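Residue 3 is where the sequence shown starts when you use the numbering used here, and the numbers rise one by one after that.
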Amino acid sequence: MTTKLYTYWRSQAAFRVRIALALKGITAEKVTLDLLKGHQNAAEYRALNPGMVVPTLIDGDGPPLVQSLAILEYLDEEYPKPPLLPADIRARAHARALAQMVAVDAHPFIVPRVRKFLEEKIQLKEKKRVEWVRHWLDEASRAVEEALLRDPRTGIFCVGDAPTIADICLVAHFASVKLFGARDISQFPIAQRIFTACMALDAFAGEHPLHQPDAPAGGEERV
Ligand SMILES: N[C@@H](CCC(=O)N[C@@H](CS)C(=O)NCC(=O)O)C(=O)O
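Below, the structure is given as structure tokens:
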């Protein structure tokens, strides 16, 4: 069975799916799209993903899978081991909530099509666009840190002592925080500790944006 992932090195959403595939031990062929060159808008790709965004996962003969959070849940249902959600139903809701704080509440503000709109239609200069991106990243970092601080279920990882979708989304978020030079992660000590615990695992570290075949040397890129 062929598994194929359409990805981009700096994409938070694609990073989430790369981590989940690695945790599940699934090898996927990577098809890289250059989002800054607009490859995602090509007609052939639009036929796979009407949102014209990465990731898209092709898993065997079924139709393309889109939306990273939906793909994470699909992978967890289709390949249950190891689980990406805790067993307890309230803890599952908590893991999903933490994941959504970064993936749903912040990430959409910083994607290339929004930055392009700010540049071309609102005429926001690069310095202001960087400020915009860092602001939304900081907001989510603060929210996640507070949630982790308050919750007795916070363990080695976000919810207990095994990685879940919350950790996947947290790591993808803080990788962006570092790449976009937002507030120093040490200001979010619990998130920083969990980020470090995750990055000690090959499934997380090996799929880091800077280790991707399409990452530019030095990881530098315009906003
Ligand atoms: N909610 C979507 C977000 C997908 C998304 O916006 N991906 C970005 C990269 S992280 C993208 O492909 N953007 C292309 C663009 O903005 O033109 C998901 O989680 O899959």
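All C-beta atoms, glycine included, are put in the ideal place defined by N, C-alpha and C.
Source: prediction; values computed, not measured.
Asked	Found
Return the first residue and the last residue of the beta strand (DSSP E) that glutamate 31 is part of.	31 to 34
What's the C-alpha gap between arginine 94 and glycine 40?	36 Å
Just grab the DSSP bridge partners of tyrosine 81 for me.	According to DSSP, tyrosine 81 bridges with nothing at all.
Please classify glutamate 31 as buried or exposed, where buried requires at least 16 neighbouring CB atoms within 10 angstroms.	exposed
Give me, in chain order, the residues of the same chain whose beta-carbon lies closer than 8 Å to that of isoleucine 21; leave out the 5 immediate sequence neighbours on both sides.	Ile170, Val173, Ala174, Ala205, Phe206 and Glu209
Given a cut-off of 8 Å on the beta-carbon distance, is the pair alanine 184 and aspartate 140 in contact?	yes
For valine 68, name the three-state secondary structure that DSSP assigns.	strand
When you compare each of Asp61, Gln14, Ser70 and Ala199 to leucine 181 by their alpha carbons, which one comes out closest?	Gln14
Could you tell me the alpha carbon to alpha carbon distance between arginine 98 and alanine 168, rounded to whole angstroms?	6 Å
May I ask whether a heavy atom of ligand 1 can be found less than 7 Å away from the beta carbon of valine 33?	no
What is the DSSP secondary structure of aspartate 61, counted as helix, strand or coil?	strand
Any idea what DSSP makes of lysine 123, helix, strand or coil?	coil
Please report how far the alpha carbon of isoleucine 28 lies from the alpha carbon of alanine 108, in whole angstroms.	28 Å
Given that a residue counts as buried once 16 or more other Cβ atoms are within 10 Å of its Cβ, and exposed if not, what is alanine 101?	buried
In three-state terms, what does DSSP make of leucine 156?	Checking the sequence shown, residue 156 turns out to be threonine, not leucine. Three-state DSSP puts threonine 156 in a strand.
Note the first and the last residue of the continuous beta strand (DSSP E) segment covering lysine 6.	5 to 9
Which one of Gly64, Thr198 and Val113 has the shortest CA to CA distance from glycine 53?	Val113
Nearest by alpha-carbon distance to tyrosine 10: which of Ser178, Phe197 and Leu25 is it?	Ser178
Touching or not, the stretch 55 to 69 and the stretch 121 to 141, by the rule of three or more beta carbon pairs under 8 Å?	no
Check whether the Cβ atoms of leucine 25 and leucine 7 sit closer than 8 Å, and answer yes or no.	no
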